[in-house]
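Residue 1 is where the sequence shown starts when you use full-length UniProt numbering, and the numbers rise one by one after that. No residue lacks a Cβ here, since even glycine has one placed at the ideal position from N, Cα and C. First comes the structure, then the notes that go with it.
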Amino acid sequence: MFLLKDFSRDIGKLLENSRNTHDIIIRVGEGTSQKDFRAHSLILRVRSRYFQNELTNIEKLYKENGIIVFDKRNYSPKIFKIILKYLYTGKIDLKNLDTFDILQVLITSNELELTCLIDFILQYLIENQSEHLYRNPLKFLHILLYNYNEIFSSLKEHCINIICENPMKFLFNSTEFLLLDRSILLLILNQNFLNVKEEIQIWNYILKWGIAQMPSSQLIFKTINNWSKEETNTLKDILYDFIPLIRWKDIPLNDITNKVAPYSNILPKDFCLEIFNLHHNITSSSSSSSSSDSIIKNSLLISSRSPLNSLLLTSKKLTYISSWIDQRDKKNYYSSKNLPYSFKLLYRASRDGFDAKKFHTLCDNKGPTITIAKISKKNLLIGGYNPLDWKQNSDSIDDKNIYQTENSFLFCFGKGEKKVNSDKDIDKKSIIKSRISKLIKVTNPKKAIYYDPTCGPCFGGGYDLGIINNKMVSYGSLSYNGINKFIKKESHLNLDDYEVFQVVEI
């Protein structure tokens with residue numbers, strides 16, 4: 001029997017009564033905020049790999065009255081107190097901490113090589129992202145970029161996704177926008193997914209940001225025609241790296257004429273002419289003045305931004321899925337311009353891992369969702385729509401957590417390939433050649449959705465379609481008659497990736 005609670009309490013008393021038993025002082029903070037923490041080097045070495053390395057040769061360390069004095073003035077006393085308590089007791093309470101205090105605990109834990117604490121905080125932040133990351137993802141991203149470590153990559157990507165989903169709120173209309181570091185702005189604008197209604201908005205805001213970086217605060221009151229040559233060249237240099245990131249071909253000609261052309265002096269030579277030629281399908285006869293300007297002019301051909309943060313779905317596929325959700329006939333399918341739903345990325349296996357626990361952490365209790373998976377070595381996407389929450393509770397029909405709905409469906413996009421590269425290819429007999437798009441509606445509504453905490457998303461009572469680790473499996477058409485038209489019974493198909501999206505009514 002392990003009495004960990006008693007053990008934690010007793011070891012914690014060492015910290016509380018350390019005045020007469022300590023052999024080390026950790027000096028934290030600077031100036032009036034500086035504070036000395038009494039501790040025990042043995043506990044620090046056992047609990048932290050960082051302290052194990054730093055406190056190896058105790059004889060050589062600086063001492064005062066025989067007590068080691070260890071200088072960590074770059075740490076916050078508030079944050080170090082939290083971590084020191086964790087080192088002694090194994091306890092930490094994040095619920096009552098400010099969002100940025102949590103992030104500072106994470107960064108300090110990384111420096112002290114506290115692996116278990118790092119994993120715990122990362123999981124907490126991702127699970128509670130609506131509460132913490134959504135408060136100020138821009139500031140969160142700023143801190144992460146300047147304390148970058150590979151372990152923070154998933155958290156950084158979550159911040160970028162939040163900003164890109166609503167850039168007007170979290171970026172352009174933020175009180176911090178004009179003070180934003182250029183590296184962060186370049187990072188965001190380099191994302192193919194950036195949810196802006198019109199590309200000209202990006203140019204307007206970038207121009208506003210660029211002027212705010214100018215030495216003279218009076219420029220805001222002057223028209224560009226009244227700027228000096230030095231002022232014009234300064235702004236041109238500030239904005240140079242941003243020009244290739246704007247989708248110029250998606251900006252209407254009247255906006256180019258009224259909102260871009262007046263600033264031609266801060267753009268590369270003949271740039272506006274190149275834009276006009278592009279809109280009129282005229283091949284330019286002008287030669288670029290430099291290789292760098294040539295690179296910028298080539299940016300005119302950059303692809304349009306995606307309305308969706310997805311590696312698998314396209315705008316066209318969204319028109320099909322949205323129409324299927326609303327049970328529209330083919331003659332009345334939605335177009336990409338009148339979609340009634342937005343699709344928010346919750347989970348991506350290649351980013352978050354092929355892990356059932358992570359899927360349920362990020363996707364449970366989020367309402368209706370779309371799952372889409374890419375079959376390895378095949379030009380085939382298979383997915384399903386769940387109009388209910390992914391959840392496990394007493395409302396399920398039986399202890400197997402089978403849920404009833406008449407509105408779920410399965411679908412596929414693409415064609416299976418006739419040839420296989422190897423006799424060892426396990427997909428050889430699993431994939432049926434299919435049409436470009438195929439819809440399979442639920443035929444047994446009483447067993448439409450299957451919830452299993454050890455698996456990813458599953459459809460059907462048996463189940464007809466499910467994801468286990470990095471494989472898509474099917475055990476027959478128990479609830480979706482016709483599924484064998486694009487995936488055979490007893491199939492175990494390797495997946496390259498799969499994504500899950502929250503379906504939100506606009």
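Less than 8 Å between the CB atoms is what I'm expecting for residue i and residue j, so what's the real figure, rounded?
i	j	result
I163	L186	With a Cβ gap of about 13 Å, I163 and L186 do not count as contacting.
K485	K441	Not quite, the Cβ-Cβ distance comes to about 13 Å (not below 8 Å), so this is no contact.
L194	P215	That belief does not hold up - the Cβ atoms of L194 and P215 are roughly 29 Å apart, past 8 Å.
D497	L312	7 Å
Q104	S76	6 Å
F413	K317	6 Å
R73	E30	5 Å
V69	K63	7 Å
C159	L180	So it is not a contact: roughly 14 Å between Cβ atoms.
Counting along the chain, where does the beta strand (DSSP E) carrying residue i start and finish?
i	result
residue 553	Outside the shown range of the chain (1 to 506) lies residue 553, about which nothing can therefore be said.
R38	35-39
L345	341-348
F70	67-72
L465	465-468
A373	369-375
N379	379-386
K441	437-441
I26	24-28
Going by beta carbon distance, what residues of the same chain come within less than 7 Å of residue i, once the five residues before and after it are set aside?
i	result
I200	I251, D255, K259
D241	L186
P387	P368, T405, N407, S408
F152	L144
Where residue i and residue j are concerned, what is the direct C-alpha to C-alpha distance, given to the nearest angstrom?
i	j	result
K169	N192	18 Å
W248	K236	17 Å
Y86	S8	10 Å
K358	D352	7 Å
A261	G210	17 Å
D452	L273	59 Å
residue 508	F140	Here the chain has residues from 1 to 506 only, and residue 508 is not among them.
R328	L345	24 Å
T361	K378	29 Å
V46	L94	24 Å
L117	K81	15 Å
L495	G383	12 Å
F411	T257	45 Å
residue 583	I370	Past the boundaries of the shown model lies residue 583; the chain is included only from 1 to 506, so the question cannot be answered.
K13	I67	20 Å
I275	S304	15 Å
S376	N470	10 Å
I238	I202	15 Å
S290	F271	Any reading at S290 must be qualified, since the residue scores a pLDDT of 49, below 50, and its modelled position is unreliable; the value itself is stated next. Approximately 13 Å between the Cα atoms of the pair.
I372	S306	17 Å
S154	K229	45 Å
T21	D36	15 Å
Looking only at its own chain, which residues have a Cβ that is under 8 Å from the Cβ of residue i, when we skip the five neighbours before and after it?
i	result
L478	N444, K447, G460, G461, G462, Y463, D464
W324	Y385, F409, F411, L439
With a CB to CB cut of under 6 Å and the five nearest residues on each side skipped, what residues in its chain are close to residue i?
i	result
L145	none
S41	D23, I24, L55
N265	T232
G466	C455, C458, V473
R135	T99
N481	T443
L15	Y88
E198	none
L4	none
Using beta-carbon positions only, say whether residue i and residue j come within less than 8 Å of one another.
i	j	result
Y475	N401	no
I121	I143	no
V503	S491	no
T319	Y334	yes
Y205	E113	no
S109	I83	yes
T89	I11	yes
N161	N365	no
N190	L245	yes
Y347	V196	no
S322	L339	yes
Any heavy atom of the ligand ADP within a distance shorter than 7 Å of the CB on residue i?
i	result
K72	As far as ligands go, the structure on display features none, and thus does not contain the ligand ADP.
Looking at the secondary structure, which residues open and close the alpha helix (DSSP H) in which residue i lies?
i	result
V473	Here V473 belongs to no alpha helix (DSSP H); instead the beta strand (DSSP E) covers 471-474.
I102	99-111
L235	229-239
R182	182-189
I163	153-165
T319	315-325
K13	4-16
C272	271-279
residue 511	The shown model of the chain, from 1 to 506, leaves out residue 511, and the question about it has no answer.
T89	77-89
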